[in-house]
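Enquirer:
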Amino acid sequence: SESINPFIQEFSLASGNAINNLPIPEKFLPDGKNQRGVRNNLAFESLTITPNNQMLFTATENALAQDGEAAKPNFGTPCRILQYNLSDNQPQKEFLYPMEPFTPLFNFTGRFDSGLSDLVALDNRGNFLSLERTFTGLGFAVSLFEVSLNNADDIHNIPNLATVDMSKIKPVEKKLLLDLQTLPLPLDNIEGLTIGPKLSDGNISLILVSDNNFNRLQTTQILALKLIGVS
Numbered sequence: 011s012e013s014i015n016p017f018i019q020e021f022s023l024a025s026g027n028a029i030n031n032l033p034i035p036e037k038f039l040p041d042g043k044n045q046r047g048v049r050n051n052l053a054f055e056s057l058t059i060t061p062n063n064q065m066l067f068t069a070t071e072n073a074l075a076q077d078g079e080a081a082k083p084n085f086g087t088p089c090r091i092l093q094y095n096l097s098d099n100q101p102q103k104e105f106l107y108p109m110e111p112f113t114p115l116f117n118f119t120g121r122f123d124s125g126l127s128d129l130v131a132l133d134n135r136g137n138f139l140s141l142e143r144t145f146t147g148l149g150f151a152v153s154l155f156e157v158s159l160n161n162a163d164d165i166h167n168i169p170n171l172a173t174v175d176m177s178k179i180k181p182v183e184k185k186l187l188l189d190l191q192t193l194p195l196p197l198d199n200i201e202g203l204t205i206g207p208k209l210s211d212g213n214i215s216l217i218l219v220s221d222n223n224f225n226r227l228q229t230t231q232i233l234a235l236k237l238i239g240v241s
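Going by my numbering, the first residue of the sequence shown is number 11, and it counts up by one from there.
1. Classify Lys37: buried if its beta carbon has 16 or more other beta carbons within 10 angstroms, exposed otherwise.
2. Given that a residue counts as buried once 16 or more other Cβ atoms are within 10 Å of its Cβ, and exposed if not, what is Arg121?
3. My output table needs one value for Ser11: the three-state DSSP class, helix, strand or coil.
4. In the DSSP assignment, find the unbroken beta strand (DSSP E) run with Glu20 in it and report its ends.
5. Is the Cβ-Cβ distance between Leu190 and Ala234 less than 9 Å?
6. Have a look at Arg226 and Ile91 and give me their C-alpha separation to the nearest angstrom.
7. Exposed or buried, what is Thr87 when buried is set at 16 or more other beta-carbons lying within 10 Å of its beta-carbon?
8. Mind reading off the beta-carbon distance from Asp163 to Lys185? Whole number of angstroms is fine, and I expect it under 8 Å.
9. Note down, in chain order, each residue of its chain lying with its Cβ closer than 7 Å to the Cβ of Pro207, except the 5 sequence neighbours on either side.
10. Could you name the residues that DSSP lists as bridge partners for Asp202?
11. In this structure, does DSSP put Thr192 in helix, strand or coil?
12. Along the chain, where does the beta strand (DSSP E) that runs through Asp123 open and close?
13. Within 8 Å, do at least three Cβ pairs link the region 92–110 to the region 122–141?
14. Got a sec, what are the start and stop residues for the beta strand (DSSP E) Pro108 sits in?
15. Return the CA-CA distance between Pro243 and Glu183, expressed in angstroms with no decimal places.
16. Given Arg46, which residues of its chain have a CB within under 6 Å of its CB, disregarding the five upstream and five downstream residues?
17. Write down the C-beta distance between Leu141 and Leu188 rounded to the nearest angstrom, noting that I regard them as a contact closer than 8 Å.
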């Protein structure tokens with residue numbers, strides 16, 4: 011398939027026209043040979059802006075071609091979180107986000123699709139929630155993590171993670187917050203999350219939404235959760 015460069019653009023709601031285009035570091039741009047850049051349909055799936063509107067973050071859904079293998083059963087993948095400074099719209103830092111390996115319930119040999127689907131900034135201090143989603147042909151597995159960038163190494167000067175000792179890189183800190191498979195409902199292709207309105211008890215809400223892939227067998231599913239301990 012034809013390689014398409016990832017992009018981050020700002021659009022006017024009034025006109026629908028693009029009004030701003032952020033520069034993308036070269037390491038993310040596919041070279042057409044599957045040796046560098048984002049993989050097909052595994053590029054920037056997430057986007058969030060800090061509450062003070064100073065920083066924008068996105069992340070690759072899987073590893074860049076030069077960084078490592080894409081996710082497969084029982085094997086995670088080294089994603090990159092990319093940070094922009096919105097005062098000058100320039101890329102500033104990058105962080106290693108190791109996506110969790112997923113173990114299918116059975117000896118699965120069909121279609122497997124797993125990735126880092128979304129991020130949401132909780133504050134201006136490097137704390138986030140992340141959403142990881144896996145399709146195994148037998149349904150969806152979705153996990154919500156607490157993520158901190160505070161002790162992670164900046165890897166923007168490393169063009170190729172496969173050429174360095176990954177054990178010496180401090181990745182982002184992750185903690186499982188919720189395995190959505192434990193909820194009493196069938197999951198669809200949950201891929202988006204955002205902070206919702208504050209609830210009557212003072213806690214904030216978290217809204218999740220599925221991507222139905224224009225598939226009649228899927229549904230557009232919206233989930234509303236209460237986020238306790240975050241103001």
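Where is the CB? At the ideal position from N, CA and C, for every residue including glycine. All figures in this text were calculated on a predicted structure; none of them were measured in a lab.
Expert: Judging by the given coordinates:
1. buried
2. Arg121 is exposed by the Cβ-count criterion.
3. Confidence at Ser11 is low in this model, with a pLDDT of 47, below 50, so the placement of that residue should be treated as unreliable; the coordinate-derived value is given next. The answer is coil: DSSP assigns Ser11 none of H, G, I, E or B.
4. Ile18 to Phe21
5. Result no, Cβ atoms of Leu190 and Ala234 do not sit closer than 9 Å.
6. Cα-Cα distance, rounded: 33 Å.
7. It is buried - the Cβ of Thr87 has at least 16 other Cβ atoms within 10 Å.
8. Not confirmed; about 19 Å, so no contact.
9. Ser215
10. Here residue 202 turns out to be Gly, not Asp, going by the sequence shown. According to DSSP, Gly202 bridges with Val219.
11. helix
12. Asp123 to Ala131
13. As far as the Cβ criterion goes, the region 122–141 touches the region 92–110, which means the pair count is three or higher.
14. Gln100 to Met109
15. Nothing can be reported for residue 243, as the shown portion of the chain is limited to 11 through 241.
16. Ala75 and Gln76
17. A Cβ-Cβ separation of about 10 Å leaves Leu141 out of contact with Leu188 under the 8 Å criterion.
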